[in-house]
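Chains A and B, in that order, are what the protein sequence lines are. If you count by my numbering, then the first sequence holds residues 690 to 798, one letter each, in order. If you count by my numbering, then the second sequence holds residues 690 to 798, one letter each, in order. Working notes, structure below.
2 protein chains.
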Amino acid sequence: MVLPNKPVRGSTSGVPIMALFDLLGQRWNLRLMWELRQGPKTFRGLQSACGGVSPSVMNGRLKMLSEAKLIVQSDQGYTLSPLGAELMDELDPLRGWAKKWASEIGTKA
Amino acid sequence: MVLPNKPVRGSTSGVPIMALFDLLGQRWNLRLMWELRQGPKTFRGLQSACGGVSPSVMNGRLKMLSEAKLIVQSDQGYTLSPLGAELMDELDPLRGWAKKWASEIGTKA
DNA sequence: AACAATGCTTCTATTTTCGTAGCACAACAA
DNA sequence: TTGTTGTGCTACGAAAATAGAAGCATTGTT
Numbered sequence: 690m691v692l693p694n695k696p697v698r699g700s701t702s703g704v705p706i707m708a709l710f711d712l713l714g715q716r717w718n719l720r721l722m723w724e725l726r727q728g729p730k731t732f733r734g735l736q737s738a739c740g741g742v743s744p745s746v747m748n749g750r751l752k753m754l755s756e757a758k759l760i761v762q763s764d765q766g767y768t769l770s771p772l773g774a775e776l777m778d779e780l781d782p783l784r785g786w787a788k789k790w791a792s793e794i795g796t797k798a
Numbered sequence: 690m691v692l693p694n695k696p697v698r699g700s701t702s703g704v705p706i707m708a709l710f711d712l713l714g715q716r717w718n719l720r721l722m723w724e725l726r727q728g729p730k731t732f733r734g735l736q737s738a739c740g741g742v743s744p745s746v747m748n749g750r751l752k753m754l755s756e757a758k759l760i761v762q763s764d765q766g767y768t769l770s771p772l773g774a775e776l777m778d779e780l781d782p783l784r785g786w787a788k789k790w791a792s793e794i795g796t797k798a
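Okay, structure coming up:
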């Protein structure tokens, strides 16, 4: 259970940002939330949006993100909670940074 | 090798932000960079800052982050590259969000 | 009744991560 | 010269996380 004020991997302090890093540092969590930005998605919809994550892992993540109150389930499927949506807003500028990163690295596909 | 414009887990598009998520979604990467915000750290210094990550994993991460040009090695130890420092600046507002998150969740240690 | 879609669970296999130990090199001290 | 200390790592077995495929129960539709 990864929540703020709880000790997490590599930090017993429970400092909120560390809990966040521990949560986001688990594969798919960030991506899952990102895919929910534009609105609700079903379990299978999310799965395919993420390129076929295995359902067992995804289910675990969905539970974890629900406990952390970052997503909620509605009759439309899974959605960001208001809190989760705010987090995604904070992350939005990363799109710009990532483009710059790509161009400065100059990687060819 | 996780770089922008390269296909990554769950996305063959090579869209920069996906590469970023794949990179940051690997354990310790985000935390390692975060610990470098305030200046250079030695290998072992970084290791203990992160609560004793195993050196083999950490070494792998350091290589990965170097390839991605987010960190560099100086005689002072490992440091953020200008690009990496910019990323951390973008992430800085998360501190505020995380506090709010903690208070709204109301978790007791 | 048959079909399709949804939200999962279960299983095994592979990959990642952890944790400890230790090596090779450099700087310094005795 | 011989320690000792600090550094950046590598090696290796064990544990945990992730992947991938299959399938089940429920709901709704035809």
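Note that beta-carbon positions come from the ideal geometry of N, C-alpha and C, so glycine has one too. In this text, all values refer to a predicted model and were calculated from it rather than measured experimentally.
Asked, Found
"Where does Pro-705 of chain A land, buried or exposed, given buried means 16+ other C-beta within 10 angstroms?", "buried"
"What ranges does the beta strand (DSSP E) occupy inside the region 713 to 765 of chain B, keeping only unbroken runs of at least 3 residues that lie completely in it?", "760 to 763"
"Verify the CB distance criterion: does Ala-798 of chain A have a CB-CB separation below 8 angstroms to chain B?", "With a pLDDT of 47 at Ala-798 of chain A, under the threshold of 50, the modelled position of this residue cannot be trusted, and the question is left open."
"By the three-class DSSP mapping on this structure, what secondary structure does Ser-700 of chain A have?", "strand"
"Tell me which same chain residues have a C-beta within less than 7 angstroms of the C-beta of Ala-798 of chain A, skipping the five on either side of it?", "Caution applies to Ala-798 of chain A, whose pLDDT of 47 falls short of 50 and renders its modelled position unreliable; the model cannot decide the point."
"Does any C-beta atom of chain A lie closer than 8 angstroms to the C-beta of Asn-694 of chain B?", "yes"
"Under 7 angstroms, CB to CB, which of the residues in the region 760 to 779 of chain B have a partner in chain A?", "Leu-772, Glu-775, Leu-776 and Glu-779"
"Give the straight-line distance between the Cα atoms of Ala-757 of chain A and Ser-792 of chain B, rounded to the nearest whole angstrom.", "12 angstroms"
"Determine, for Val-742 of chain A, whether the minimum Cβ-Cβ distance to residues of chain B falls below 8 angstroms.", "yes"
"Between the Cα of Lys-730 of chain B and those of B:Asp-711, B:Gly-740, B:Gln-765 and B:Asn-748, spot the shortest distance and give me the residue it belongs to.", "B:Gln-765"
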